[in-house]
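Asks: Dumping the structure here so I can ask a few things about it.
Residue numbers (my numbering): 4 to 752.
Shown next, in the form of structure tokens:
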């Protein structure tokens, strides 16, 4: 604690000048966006209103305080009331202090003041004392009243419980906010104060600033919070803007003609909703100071401004979109409960706003989740869409933070903000996604089945998502099923296709004529009897009631992807294959009355199969010993999933396969696993960093064996890069296919 030491007043001007030499060196430009002085001895800070951060400018050579500070655009100096000498002082570019000789001396301490933008005069105020009230001190050396205080109004005539004041950059009035939140406009000509509004915040506002656009900033002493007031609005309100240093003694000044600028260094995260939602800095947009300890999704990237939809987006600056923290498990429907999955890193609070009336503003009443405590993980959260919600496209804002009561706009000192375009629909239908509306699982297949082979589990890599749209009533009749994703990699010399069987869906209930399949955005073609025809995804004969509907997505994956020049495989060797995977969207309209409860939800039953006409291994021979194509009856499914109705059950249990065909008639079939219980196909959450060519999965990810042996009770995160092993084989440089080679979309870390 600093002890106050009384300073002996110097009576002689010569001694005063000797103690405080005047070095006429003004600031060449306004030295900071905003200033803050605190304490005794006085300490001067530079303040960023954008971030609330502050930097030490100078520990001033004083014993007591500096107060009532302002920057003079007329001469380039800072001025402040100098408590040690009870006089006004000029502060030079080297932060030396030059006390000024006022005539007459006022012999009183003034803790409120500012400099007029065009008047070249300091105005000071005190609410009590014989020399209290509002005073003007001319600062122009050639004026006849230079340094001669002129009282405008007495303390009895103007009694305001204020602690700082600021000149408006253009209207010529002084403004301040008192301790109970009343905003006053004060005339510097006659000292008349007019009540403008109650701004809704209370406290000691020891630092008051304007920006060049006429927005007022007030800094509260006890917590350092900085609020912004748009004084010419219909209802001027103090909205939280940023953080500052707390202090029992606070005084502020600002270069009133300077804008509040975007930071030059990207250190913050902004939203990207349209500007009306409070996204830009000039609108006190939602923004977070990044500290990499609290964020949504897989990552958060730094920005120095907001990238606004629709003309811009978050990923335009660096081709990376970090809006990945929320997945929509269900659609948003008026009056209905919506379910989302949120990926969070760190301990914090989650707040979400949905613009349900679609007026382009996140209103306080539109908060659907407020200050929900979360920890690192993937919580599923639900909220109810308003019964009065307007139907159509709108926006949702998600903020992960540690500030209770955080609004949809303004600064947070950590965390992340993500904005999502969404649709509000009628409650007549609902859509359930797996794993979520924008998330995927990775399906990985070993095509050496039923031989163990190299077990690199990269022969077919598919990123995969499903959805079921059904009536939103008690019966829940299914209206549409969709399967979409990417053929991400092919590390196989064999020719294989990819298909999905949907448990509980019979072909008679499918509107076969309207089934749609797009590969890379186009309808695929097939060759039949030498002619090019449309590819028909639905297999079998419509009307066969006892079968699960089977849909081929691609008959030969090598027709959808290419290995690349000089390569044998697609994206399982460094530099091999296009940078983009082959996308697919299979849309299945349902014409029959199929309750959602009848359909097997989730991943369904996706599988790889042998393309007709191509041989595989010596296991498949005819009676004469010749190797023959096994045909599309050869299927490779997830562990303990049944073959489709097209699968050849006689192939089960050969070589290294431990499938038991007789178990297919039970509710717990034993299928598609090795003698050691390892699967021939696996499903992994997210985009997986799969092994490169010839790298055995059990070596690349050692915990995988533990996971399988324990039936998933141990090693549940075996698939993450942090748990990868280091067992290169056959001279390969790496054992895991890395993001910095050809997979740029990210994978489990």
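Glycine included, every Cβ here is placed at the ideal spot set by N, Cα and C.
(1) How many whole angstroms separate the CB atoms of residue 400 and residue 371, which I take to be in contact at a CB cut-off of 8 Å?
(2) Looking at the unbroken beta strand (DSSP E) that takes in residue 37, where does it start and where does it end?
(3) Compare the C-alpha of residue 130 against each of 67, 196, 358, 123 and name the closest.
(4) Taking the CB atoms as reference points, tell me whether residue 337 and residue 303 lie closer together than 7 Å.
(5) Whose CA, out of 423, 484, 407, lies closest to the CA of residue 595?
(6) For residue 657, is the classification buried or exposed, using 16 other Cβ atoms within 10 angstroms of its Cβ as the cut-off for buried?
(7) Can you say whether residue 296 is buried or exposed, counting buried as having 16 or more other CB atoms within 10 angstroms of its CB?
(8) For the segment 209-233, which segments carrying the beta strand (DSSP E) assignment without a break, of at least 3 residues, lie completely within its bounds, in sequence order?
(9) Can you tell me which of the three DSSP states residue 700 falls into?
(10) Could you check if residue 499 is buried or exposed, using at least 16 other CB atoms within 10 Å of its CB as the buried criterion?
(11) Starting from residue 117, trace the beta strand (DSSP E) in both directions and tell me its first and last residue.
(12) Helix, strand or coil: which one does DSSP assign to residue 342?
(13) Note down the Cα distance separating residue 68 from residue 441, rounded to an integer number of angstroms.
(14) Under 7 Å, do residue 589 and residue 556 count as touching if we go by C-beta distance?
(15) Which partner residues does residue 509 have in the DSSP bridge list?
(16) Rounded to whole angstroms, what is the Cα-Cα separation between residue 321 and residue 40?
(17) Are the Cβ atoms of residue 472 and residue 607 separated by less than 7 Å?
(18) Just to confirm, are residue 697 and residue 462 a CB contact at a threshold of 7 Å?
(19) Confirm, please, whether the CB-CB distance from residue 221 to residue 244 is below 7 Å.
(20) Restricting to runs no shorter than 3 residues, where is the beta strand (DSSP E) found entirely within the segment 545-633?
(21) Looking at the unbroken alpha helix (DSSP H) that takes in residue 3, where does it start and where does it end?
(22) Would you kindly check if the distance between the Cβ of residue 82 and the Cβ of residue 754 is under 7 Å?
(23) CB-CB under 8 Å to residue 35, same chain, minus the five flanking residues each way: which ones, in chain order?
(24) My assumption, with CB atoms under 8 Å, is that residue 384 sits in contact with residue 343. Please give the rounded CB distance.
(25) How many angstroms separate the CA atom of residue 435 from the CA atom of residue 487?
(26) Taking all protein chains shown into account, do 16 or more other C-beta atoms lie within 10 angstroms of the C-beta of residue 75, making it buried, or fewer, making it exposed?
(27) Alpha carbon to alpha carbon, how far is residue 727 from residue 576?
(28) Could you pull out every unbroken alpha helix (DSSP H) segment of at least 4 residues lying fully inside the segment 329-394, listed in chain order?
(29) Residue 437 lies in the beta strand (DSSP E); which residues open and close that run?
(30) What span of residues does the beta strand (DSSP E) with residue 125 cover, start to end?
(31) Grab the span of the beta strand (DSSP E) containing residue 283 for me, first residue to last.
(32) Can you tell which of 642, 364, 446, 161 has the C-alpha that lies nearest to the C-alpha of residue 136?
(33) Alpha carbon to alpha carbon, how far is residue 26 from residue 78?
(34) Could you spell out the range, first to last residue, of the beta strand (DSSP E) harbouring residue 691?
(35) Extract the residue ranges of the beta strand (DSSP E) inside the segment 431-488, only unbroken runs of 3 or more that lie entirely within it.
(36) Are there 16 or more other CB atoms within 10 angstroms of the CB of residue 624, so buried, or fewer, so exposed?
Replies: Well, looking at it:
(1) Numbered from 1 along the chain shown, position 397 holds the residue referred to as residue 400. Numbered from 1 along the chain shown, position 368 holds the residue referred to as residue 371. About 10 Å separates the two Cβ atoms, so there is no contact after all.
(2) Position 34 of the chain shown, counting from 1, holds the residue named residue 37. Its beta strand (DSSP E) spans residues 37-41.
(3) By one-based count along the chain shown, residue 130 stands at place 127. When each option's Cα is compared against that of residue 130, the closest is 196.
(4) Along the chain shown, read from residue 1 onward, the residue named residue 337 stands at position 334. Along the chain shown, read from residue 1 onward, the residue named residue 303 stands at position 300. No, these two residues do not count as a Cβ contact at 7 Å.
(5) Counting from one through the chain shown, the residue named residue 595 turns up at place 592. Checking every option, the nearest Cα to that of residue 595 belongs to 484.
(6) Residue numbering aside, residue 657 sits at position 654 when the chain shown is read from its first letter. Exposed, since its Cβ has fewer than 16 Cβ neighbours within 10 Å.
(7) Position 293 of the chain shown holds residue 296. Residue 296 comes out exposed.
(8) 218-223, 229-233
(9) Taking the first residue of the chain shown as 1, we reach residue 700 at position 697. It is helical.
(10) Within the chain shown, the letter at position 496 stands for residue 499. Counting Cβ neighbours within 10 Å, residue 499 comes out buried, since at least 16 surround it.
(11) Residue 117 sits at position 114 when you count from the first residue of the chain shown. Start and end: 115-118.
(12) Within the chain shown, the letter at position 339 stands for residue 342. Residue 342: strand per DSSP, three-state reduction.
(13) Stepping through the chain shown from its first residue, residue 68 is reached at position 65. Stepping through the chain shown from its first residue, residue 441 is reached at position 438. Rounded to the nearest angstrom, the two C-alpha atoms are 58 Å apart.
(14) Here residue 589 refers to the residue found at position 586 of the chain shown. Here residue 556 refers to the residue found at position 553 of the chain shown. Yes, these two residues count as a Cβ contact at 7 Å.
(15) Translated into positions along the chain shown, residue 509 becomes position 506. Paired residues: none, contrary to the question.
(16) In the chain shown, counting from the first residue as 1, residue 321 sits at position 318. In the chain shown, counting from the first residue as 1, residue 40 sits at position 37. Model confidence at residue 321 stands at a pLDDT of 44, short of 50, so the residue's coordinates are unreliable and nothing is read from them.
(17) As a working note, residue 472 is residue 469 in the chain shown. As a working note, residue 607 is residue 604 in the chain shown. No.
(18) Taking the first residue of the chain shown as position 1, residue 697 is located at position 694. Taking the first residue of the chain shown as position 1, residue 462 is located at position 459. Contact flag unset, no.
(19) Counting from 1 along the chain shown, the entry for residue 244 is found at position 241. Counting from 1 along the chain shown, the entry for residue 221 is found at position 218. No, Cβ-Cβ distance for residue 244 and residue 221 is not below 7 Å.
(20) 552-557, 585-592, 608-613
(21) In the structure displayed, the chain extends from 4 to 752; residue 3 sits before or after that span and is not available.
(22) Residue numbering for the chain in the displayed model covers 4 to 752; residue 754 lies beyond these limits and cannot be assessed.
(23) Against the chain shown, residue 35 aligns to sequence position 32. Cβ within range, chain order: 49, 50, 60, 258.
(24) Stepping through the chain shown from its first residue, residue 384 is reached at position 381. Stepping through the chain shown from its first residue, residue 343 is reached at position 340. Between residue 343 and residue 384 the Cβ distance is about 6 Å, and since that is below 8 Å, they are a contact.
(25) Counting from 1 along the chain shown, the entry for residue 435 is found at position 432. Counting from 1 along the chain shown, the entry for residue 487 is found at position 484. The alpha-carbon atoms of residue 435 and residue 487 are separated by roughly 14 Å.
(26) Within the chain shown, the letter at position 72 stands for residue 75. Buried, since its Cβ has 16 or more Cβ neighbours within 10 Å.
(27) For the purposes of this step, residue 727 is identified with residue 724 of the chain shown, where counting begins at 1. For the purposes of this step, residue 576 is identified with residue 573 of the chain shown, where counting begins at 1. Answer to the nearest angstrom: the Cα atoms are 18 Å apart.
(28) none
(29) Along the chain shown, one-based indexing puts residue 437 at 434. 432-437 is the extent of the beta strand (DSSP E) around residue 437.
(30) The count along the chain shown starts at 1 and reaches residue 125 at position 122. 124-129 is the span of the beta strand (DSSP E), which, as asked, contains residue 125.
(31) Stepping through the chain shown from its first residue, residue 283 is reached at position 280. Element bounds for residue 283: n/a, residue is neither H nor E.
(32) Along the chain shown, read from residue 1 onward, the residue named residue 136 stands at position 133. That would be 161, whose Cα lies nearest to the Cα of residue 136.
(33) Here residue 26 refers to the residue found at position 23 of the chain shown. Here residue 78 refers to the residue found at position 75 of the chain shown. Model confidence at residue 26 stands at a pLDDT of 48, short of 50, so the residue's coordinates are unreliable and nothing is read from them.
(34) Counting from one through the chain shown, the residue named residue 691 turns up at place 688. That residue, residue 691, is in no beta strand (DSSP E); it is neither H nor E in DSSP.
(35) 432-437, 444-448, 463-474
(36) Here residue 624 refers to the residue found at position 621 when the chain shown is read from its first residue. Classification for residue 624: exposed.
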